[in-house]
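Every position in the sequence shown, counted from 1, becomes a number in my numbering once 10 is added. Everything below concerns the one structure shown next.
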Amino acid sequence: MTSISSILIVGAGQAAAVAASALRDHGYSGRITVVGNEAHAPYERPPLSKSVLAAVDTPEPAIAVKAPDFFHSQQVDLRLGVEVCALDPSARQAVLSDGTRLGYDRCLLATGGTARTLPAFPASSPAVHYLRTLDDARALRARLRPGQHIAVVGGGFLGLEIASTALGLGVDVSIVETAPRVLARVVPPIFSAWMQERIAQYGAKLYTGQAIADVQLPDDAGQPAILGLADGTRIQAAAVAVAIGLAPSTLLAGSAGLRVDMSNGGIAVDAHCRSSDPYIYAAGDCTSQTRADTALPLRLESWQNANEQARIAACSMLGQDAEPAAYPWFWTDQFDCNIQMLGLPRPDLDYIVRGSLDSASDSPRFIMLGLHGGKPYQALAVNAGGDLRALRPLLERALPVEAAQFCDESMTVRAFAKAAQALAATPG
Ligand SMILES: Cc1cc2nc3c(=O)[nH]c(=O)nc-3n(C[C@H](O)[C@H](O)[C@H](O)COP(=O)(O)OP(=O)(O)OC[C@H]3O[C@@H](n4cnc5c(N)ncnc54)[C@H](O)[C@@H]3O)c2cc1C
11 MTSISSILIV
21 GAGQAAAVAA
31 SALRDHGYSG
41 RITVVGNEAH
51 APYERPPLSK
61 SVLAAVDTPE
71 PAIAVKAPDF
81 FHSQQVDLRL
91 GVEVCALDPS
101 ARQAVLSDGT
111 RLGYDRCLLA
121 TGGTARTLPA
131 FPASSPAVHY
141 LRTLDDARAL
151 RARLRPGQHI
161 AVVGGGFLGL
171 EIASTALGLG
181 VDVSIVETAP
191 RVLARVVPPI
201 FSAWMQERIA
211 QYGAKLYTGQ
221 AIADVQLPDD
231 AGQPAILGLA
241 DGTRIQAAAV
251 AVAIGLAPST
261 LLAGSAGLRV
271 DMSNGGIAVD
281 AHCRSSDPYI
291 YAAGDCTSQT
301 RADTALPLRL
311 ESWQNANEQA
321 RIAACSMLGQ
331 DAEPAAYPWF
341 WTDQFDCNIQ
351 MLGLPRPDLD
361 YIVRGSLDSA
371 SDSPRFIMLG
381 LHGGKPYQAL
391 AVNAGGDLRA
401 LRPLLERALP
411 VEAAQFCDES
421 MTVRAFAKAA
431 QALAATPG
């Protein structure tokens, strides 16, 4: 391999910061330049809809991905408020919005994505809020006043987190979801049903299976927005938070001629995070990676995926072998529940439940295990993260499990997992 003395990282978010750190950890001492178009040093986005949004009367929590002196002490050239406008793969050069041209031996695209928008809800309207950045979170937080009513468009994890945080601040909330149930893309119907009961317990109004037929937006922030639903319901809201997913930022990659996956819009990368250009890699929310288990391309939007792909891309850029990516894991905090998900949703899973689905409980606690042919492929844990960790080896290796034993609460999950592993290790 030719020697590498200059690595350019485009984007200054989660994957960028983790990749810069991993490059140094793996012994790379050459130049690292990180270019980000936001004004802030890399920060964690998960708190934006949780503790940052809730910080109305409390100090905003610290959310930096790395300690403040990291970039200086690790000699990483961090350039903020600057956009990479173009890449010239044949010259291995990038053009920045300040006119600078930067050469690179390897380039990592860690460009994340932007909130997907709806034409009926232009971001320019004073009543409309999208949530992707720290600045977005601060703007939405300023609209969360006790006794006011907000509408949340989108019943995915992000929309529900916004609703939960707003309710916690004494704000009235209506949630509108066009699908027949919340979280439809990621969890089974039995989990959605439990979540919908929980949402109702907390006093939010939930409209599922509802198209928004008409929207009236005010000219100034003092006036309410009005959402007319297909069934005639009219929702009057001081603000509308729209959370309908992510549009991966792939313009740069596309115009540089890199392969972008038409099925999901992500930059196509292999298991080593290599793009279709031998000197350009990609990591995080902007990627579409073909999975070894399904041979299908997948775009994951999760904190863990950004970290794992950043670590793998750093090794690959240095020509080193990387540990394979960890089994997919996701978490969310909402409605006083810590919800963790191991594995990915599949339409062919049958779910078994351990624990009570009492949605009115002060601290609900249960695990759902999604089985196919008696083997687990997805697990959902509510306030049971420790138990989920114990189950991880069973999912990673798709070991057969006994449904009745899993549901029997007289046996701990740890003992159950050990027994299943022991059985799998028994010859014959
Ligand atoms: C509100 C919110 C809550 C979330 N909650 C959870 C959660 O509970 N659990 C979970 O697992 N995940 C959660 N996520 C998802 C997680 O935060 C993301 O998956 C992760 O941040 C992705 O990291 P990334 O580095 O790929 O992208 P980002 O962190 O988005 O970073 C990309 C950066 O690149 C910049 N950029 C783009 N193009 C250019 C360019 N041409 N030049 C310069 N800079 C550029 C962008 O502006 C951005 O700053 C949440 C996300 C949000 C927004």
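Quick reminder that beta carbons are idealized off the backbone N, C-alpha and C, glycines included. Here the structure is a predicted model, which means the values were calculated and not measured.
{"Item": "Cα-Cα, which of V225, M272, S265, D271 is closest to V252?", "Value": "V225"}
{"Item": "Confirm the yes/no value for this check: CB of V94, any heavy atom of ligand 1, distance under 7 Å.", "Value": "yes"}
{"Item": "I'd like to know whether the C-beta atoms of L256 and E311 end up nearer to each other than 8 Å.", "Value": "yes"}
{"Item": "Report whether the distance from the Cβ of E311 to the nearest heavy atom of ligand 1 is below 7 Å.", "Value": "yes"}
{"Item": "Extract the residue ranges of the beta strand (DSSP E) inside the stretch 287-324, only unbroken runs of 3 or more that lie entirely within it.", "Value": "290-292, 297-300"}
{"Item": "Helix, strand or coil for L141, going by three-state DSSP, please let me know.", "Value": "coil"}
{"Item": "Rounding to the nearest angstrom, what Cα-Cα distance links M11 and A51 in this structure?", "Value": "Its pLDDT being 49, under 50, M11 is placed unreliably by the model, and the measurement read from it follows with that caveat. Looking at the two C-alpha atoms, the distance is approximately 32 Å."}
{"Item": "Out of Q319, I362, P307, A223, which one is the CA nearest neighbour of S273?", "Value": "P307"}
{"Item": "Distance check for T43 and L154, CA to CA, integer angstroms please.", "Value": "38 Å"}
{"Item": "How about L144 and V45: do their beta carbons lie closer than 8 Å?", "Value": "no"}
{"Item": "So, using beta-carbon positions, are I236 and L268 closer together than 8 Å?", "Value": "no"}
{"Item": "Would you tell me roughly how many angstroms separate the C-alpha atoms of P71 and A77, rounded to the nearest one?", "Value": "14 Å"}
{"Item": "Compute the Euclidean distance between the alpha carbons of D287 and P99, then round it to the nearest angstrom.", "Value": "8 Å"}
{"Item": "Flag G219 as yes when its Cβ comes closer than 7 Å to any non-hydrogen atom of ligand 1, and as no otherwise.", "Value": "no"}
{"Item": "If I measure Cβ to Cβ from R321 and keep anything under 7 Å in the same chain, skipping five residues before and after, which residues do I get?", "Value": "V28, A32, A332"}
{"Item": "Q431 to R356, Cα distance in whole Å?", "Value": "23 Å"}
{"Item": "For Q350, which residues of its own chain have a beta-carbon under 6 Å away from its beta-carbon, when the five flanking residues on both sides are left out?", "Value": "W341, A391, G395, L398"}
{"Item": "Here's the rule: buried if 16 or more other CB atoms are within 10 angstroms of the residue's CB, otherwise exposed. What is M205?", "Value": "buried"}
{"Item": "Decide yes or no for the touch test of the stretch 114-123 against the stretch 16-25: beta carbon pairs closer than 8 Å, at least 3 of them.", "Value": "yes"}
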